[in-house]
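Single-structure report; data block below.
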Amino acid sequence: MGSTEKKSVPFNGTAEQEKALREVIAAHKDQQGALMPILQQAQDIYGYLPIEVQTIIAEETGIPLEKIYGVVTFYAQFSLFPKGKYKISVCLGTACYVKGSGDLYNKLKEKLSLEDGECTPDGKFSLEACRCIGACGLAPVLTINDDVYGKLTVKDLDDVLAKYAD
Amino acid sequence: MYRSQVLICGGTGCTSSGSMKIADKLEEEIAKNGLADEVKVVRTGCFGLCALGPIMIVYPEGTFYSTVNIDDIPEIVEEHLLKGRIVTRLVYDETVAQNEIKSLNETNFYKKQKRVALRNCGVINPENIEEYIGVDGYQALYKVLKEMTPDDVIKTILDSGLRGRGGGGFPTGKKWQLAKDLVKDADQKYVCCNADEGDPGAFMDRSILEGDPHALIEAMAIAGYAIGATQGYVYVRAEYPIAVNRLQIAINQAKEYGMLGDNIFDTDFSFNLEIRLGAGAFVCGEETALMTSIEGNRGEPRPRPPFPAESGLFRKPTVLNNVETYANIPQIILKGVEWFTSMGTERSKGTKVFALGGKINNTGLVEIPMGTTLREVVYEIGGGIPNGKKFKAAQTGGPSGGCIPTELIDVEIDYDNLIAIGSMMGSGGLIVMDEDNCMVDIAKFFLEFTVDESCGKCTPCRIGTKRLYEMLEKVTSGNATLEDIDKMEKLCYYIKNNSLCGLGQTAPNPVLSTLKYFKDEYLAHVVDKKCPAGVCQDLLTYKIVEDKCKGCTACARACPVGAISGTVKQPHVIDTSKCIKCGACMSKCKFAAIIKE
Chain A
1 MGSTEKKSVP
11 FNGTAEQEKA
21 LREVIAAHKD
31 QQGALMPILQ
41 QAQDIYGYLP
51 IEVQTIIAEE
61 TGIPLEKIYG
71 VVTFYAQFSL
81 FPKGKYKISV
91 CLGTACYVKG
101 SGDLYNKLKE
111 KLSLEDGECT
121 PDGKFSLEAC
131 RCIGACGLAP
141 VLTINDDVYG
151 KLTVKDLDDV
161 LAKYAD
Chain B
167 MYRSQVLICG
177 GTGCTSSGSM
187 KIADKLEEEI
197 AKNGLADEVK
207 VVRTGCFGLC
217 ALGPIMIVYP
227 EGTFYSTVNI
237 DDIPEIVEEH
247 LLKGRIVTRL
257 VYDETVAQNE
267 IKSLNETNFY
277 KKQKRVALRN
287 CGVINPENIE
297 EYIGVDGYQA
307 LYKVLKEMTP
317 DDVIKTILDS
327 GLRGRGGGGF
337 PTGKKWQLAK
347 DLVKDADQKY
357 VCCNADEGDP
367 GAFMDRSILE
377 GDPHALIEAM
387 AIAGYAIGAT
397 QGYVYVRAEY
407 PIAVNRLQIA
417 INQAKEYGML
427 GDNIFDTDFS
437 FNLEIRLGAG
447 AFVCGEETAL
457 MTSIEGNRGE
467 PRPRPPFPAE
477 SGLFRKPTVL
487 NNVETYANIP
497 QIILKGVEWF
507 TSMGTERSKG
517 TKVFALGGKI
527 NNTGLVEIPM
537 GTTLREVVYE
547 IGGGIPNGKK
557 FKAAQTGGPS
567 GGCIPTELID
577 VEIDYDNLIA
587 IGSMMGSGGL
597 IVMDEDNCMV
607 DIAKFFLEFT
617 VDESCGKCTP
627 CRIGTKRLYE
637 MLEKVTSGNA
647 TLEDIDKMEK
657 LCYYIKNNSL
667 CGLGQTAPNP
677 VLSTLKYFKD
687 EYLAHVVDKK
697 CPAGVCQDLL
707 TYKIVEDKCK
717 GCTACARACP
727 VGAISGTVKQ
737 PHVIDTSKCI
747 KCGACMSKCK
757 FAAIIKE
């Protein structure tokens with residue numbers, strides 16, 4: 001269960017978010033099998049389902065927390081971790097790897113102090129490795145949201161990240 | 167009254183290529199030309215011919231414009247709608263014949279189709295209940311509530327021979343009868359709809375939800391009346407936002423018009439409907455897993471028996487059918503058993519919707535009478551294989567199905583024929599493959615999918631599919647022996663016979679059917695260490711043909727690993743020990759001098 005130890009944005013739910021969540025739970029109070037719709041709307045409110053949110057749901061509905069956790073981790077759509085505003089994916093496909101994408105990936109981990117699937121505490125960048133995106137001619141490649149950057153060296157990384165300074 | 171109506175497709179396919187922006191632009195241009203009172207724009211569901219999207223039809227002429235661009239709109243409005251001159255340049259070329267425009271129904275794509283489940287898709291505005299009522303909508307529900315007993319309804323469905331369109335082919339009337347009669351004193355029963363269409367490449371249920379959501383609502387109410395249920399649930403994938411939205415609009419309208427709720431048509435019958443969203447788990451398409459998911463649990467299947475008709479959702483008697491099955495119901499009630507049984511084969515009545523995809527010209531949705539041959543589907547409706555390539559096989563039933571090879575292309579498509587040749591109807595994905603597809607690779611692709619989607623509850627599926635996938639990897643990387651093939655086959659039967667639910671029981675089908683019809687391809691991988699289709703990377707080598715190479719150096723510059731060497735204007739050479747087989751060189755070569763073998 002290493003996934004629970006991933007670095008992430010500390011939970012900073014607002015009072016409004018919590019109010020919205022409690023309203024959602026109240027609205028589903030008498031509904032049979034309401035857990036899924038509650039979780040879906042909770043994820044809409046918070047963007048993900050951290051343990052703090054699951055705990056509120058458990059307390060309000062009386063459904064055991066371990067069951068809620070079981071449901072959250074079963075479905076691909078639910079996420080325990082927030083994604084960054086800018087999602088960085090480094091291609092570790094063969095062509096990119098032999099051209100040094102592994103170095104890019106390690107350097108990014110070091111620069112952003114992240115491991116795979118983690119998000120910086122300010123919520124700005126999340127980092128993950130991906131499989132071949134079919135741009136082998138541009139190797140090594142990484143993508144930030146929908147932008148593709150190719151033929152990169154470790155030295156280029158600062159310039160690339162600087163474009164996402166806001 | 168409008169003198170002209172423009173129907174524009176608002177299905178997911180056309181919407182992705184901008185059809186809703188085109189509809190806005192149309193309305194803007196129509197207003198600009200002062201035609202707002204004369205011409206109406208209707209956003210419909212899917213027309214089926216997704217390959218040519220965005221699609222629009224102008225009535226009363228029935229002019230079919232395809233691959234419409236937003237920049238074409240001013241011209242269409244000014245020329246066609248204002249001056250009455252059809253913009254021939256933009257008309258689907260199959261409908262243009264010797265200076266006249268043919269009806270769409272005469273084109274190859276549509277002429278062999280028979281639209282029952284899809285009858286309103288692309289015809290009415292799905293967000294307006296009155297348009298559905300205008301095409302006899304809710305009349306079947308009225309007839310059922312006023313003139314028929316629940317037993318009459320069930321008998322009609324039984325006699326129609328309708329079988330589940332979700333894949334299994336279980337007789338729908340039988341299912342309803344069991345749910346009605348098995349538990350006599352149930353305090354609550356449920357009607358559920360499976361709209362968790364998860365097969366990669368299948369989208370018929372989505373199109374019905376997007377194009378004709380009221381048909382589903384009406385049918386579920388009819389099922390509720392037949393079995394004695396007052397509550398229904400539609401379980402839809404969250405990945406279908408347009409469908410969910412339209413269904414919610416339709417449910418709200420149906421409530422407003424008294425087609426859902428208490429005392430429908432002033433009878434004692436009350437029925438309510440709720441949407442439940444999936445959350446990205448393929449296994450939830452299995453009936454017991456779907457019900458556990460609606461109950462708010464991990465979507466794992468339960469052992470059967472007890473069957474849902476006895477103990478289903480919330481442990482109450484439940485009927486579960488898929489979207490396409492329901493879409494047939496109102497018309498069977500209205501038009502009668504004789505009409506329905508006049509279509510199809512002896513044991514498979516009616517029509518079936520298929521999502522045509524893969525190596526085929528007319529990708530899209532087609533609805534054909536049962537018994538249509540695969541050849542007709544591929545070559546007539548589908549318009550054949552692109553680039554003059556040869557048909558190799560068609561895969562039906564997605565990750566649970568199997569392939570149909572060339573020698574069986576004249577098979578008449580129905581439930582029993584497909585099972586007999588080792589494939590299955592499935593929910594209706596029909597993927598066409600040509601000579602460039604490697605069948606071992608296809609089997610591996612589907613296995614990778616099932617390994618990913620196995621819920622993990624039972625061992626044969628969780629571990630068996632993983633081991634099977636690894637064996638396939640051994641084959642495609644050239645490391646397998648003949649003994650591995652035998653082991654693979656044994657494991658397939660083990661997984662089939664011992665898995666808890668349909669996902670595991672059918673997961674080995676893609677392997678078994680490719681082994682049956684394309685054993686030679688497996689042997690080529692194992693014995694000769696070759697991939698005849700040139701797909702499996704590990705078994706390929708890239709080579710430069712000396713006489714064709716002009717020494718332009720384009721390949722050497724494209725190679726990410728520096729495996730190509732040579733002097734300018736001299737033939738180059740690939741160092742196979744360095745080559746990573748990414749194909750970058752081949753796509754850069756202007757002289758077709760690089761081959762893989």
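Sequence lines, in order, name chains A and B. For reference, each letter of the first sequence is one residue, going 1 to 166 in my numbering. For reference, each letter of the second sequence is one residue, going 167 to 763 in my numbering. Even for Gly, the Cβ is constructed at its ideal location relative to N, Cα and C. All of these numbers come straight from a predicted model, not from anything done at the bench.
Own chain residues within Cβ distance below 6 Å of residue i, not counting five before or after
i: Ser620/B; result: Cys627, Arg628 and Thr631
i: Ala420/B; result: Ile383 and Leu426
i: Leu678/B; result: Cys658
i: Ser3/A; result: Unreliable positioning characterises Ser3/A in this predicted model, as indicated by a pLDDT of 47, which lies under 50. The coordinate reading is nonetheless provided below. Excluding residues within five positions, none has a Cβ falling inside 6 Å.
Where residue i falls, given that 16 or more other Cβ within 10 Å makes a residue buried
i: Gln736/B; result: exposed
i: Asn271/B; result: exposed
i: Gly62/A; result: exposed
i: Thr315/B; result: exposed
i: Asp371/B; result: buried
i: Val693/B; result: exposed
i: Asn488/B; result: buried
i: Thr273/B; result: buried
Nearest-angstrom Cα separation, counted from residue j out to residue i
i: Asp600/B; j: Ile608/B; result: 12 Å
i: Val205/B; j: Ile290/B; result: 16 Å
i: Leu201/B; j: Leu248/B; result: 8 Å
i: Gly446/B; j: Ala560/B; result: 27 Å
i: Ile661/B; j: Ile88/A; result: 39 Å
i: Leu21/A; j: Phe74/A; result: 21 Å
i: Glu16/A; j: Thr55/A; result: 17 Å
i: Tyr117/B; j: Ala361/B; result: Because residue 117/B is not part of the residues shown, which for chain B are 167 to 763, the question remains open.
i: Pro817/B; j: Gly549/B; result: Residue 817/B falls outside the range modelled here, since chain B spans only 167 to 763, and no answer is possible.
i: Leu681/B; j: Thr396/B; result: 48 Å
i: Pro82/A; j: Lys163/A; result: 22 Å
i: His380/B; j: Leu596/B; result: 27 Å
i: Asp302/B; j: Val532/B; result: 23 Å
i: Met1/A; j: Ala404/B; result: Unreliable positioning characterises Met1/A in this predicted model, as indicated by a pLDDT of 38, which lies under 50. A coordinate reading is not provided.
i: Ile236/B; j: Asp378/B; result: 26 Å
i: Tyr231/B; j: Ile196/B; result: 17 Å
C-beta neighbour in chain A for residue i, strict 9 Å
i: Pro726/B; result: yes
i: Leu443/B; result: yes
i: Ile760/B; result: no
i: Ile746/B; result: yes
i: Glu461/B; result: yes
i: Gly670/B; result: no
CB-CB length for residue i against residue j, believed under 8 Å
i: Gly333/B; j: Met591/B; result: 6 Å
i: Gly214/B; j: Gly288/B; result: 7 Å
i: Ala139/A; j: Gly150/A; result: 7 Å
i: Phe275/B; j: Ile547/B; result: 6 Å
i: Met605/B; j: Cys569/B; result: 7 Å
Min CB distance residue i to chain B below 9 Å
i: Tyr46/A; result: no
i: Ile56/A; result: no
i: Tyr149/A; result: no
i: Gly70/A; result: yes
i: Val154/A; result: no
i: Val98/A; result: yes
i: Cys136/A; result: yes
i: Lys29/A; result: no
i: Gly33/A; result: yes
i: Phe78/A; result: yes
i: Asp146/A; result: no
Close Cβ partners of residue i (< 7 Å) along its chain, the five nearest in sequence each way excluded
i: Tyr423/B; result: Ile295
i: Leu348/B; result: Ala475, Glu476 and Pro483
i: Lys558/B; result: Thr572, Met599, Asp600, Glu601 and Asn603
Contacting residues, own chain, Cβ-Cβ under 8 Å from residue i (five flanking each side not counted)
i: Ser731/B; result: Ala722, His738, Val739 and Asp741
i: Val449/B; result: Ala455, Gly465, Glu466, Pro467, Glu619, Ser620, Cys621, Cys667 and Leu669
i: Leu49/A; result: Leu39, Ala42, Gln43, Val72, Phe78, Ser79 and Leu80
i: Pro726/B; result: Ile746, Cys748 and Ala750
i: Thr538/B; result: Lys278, Glu578 and Ile579
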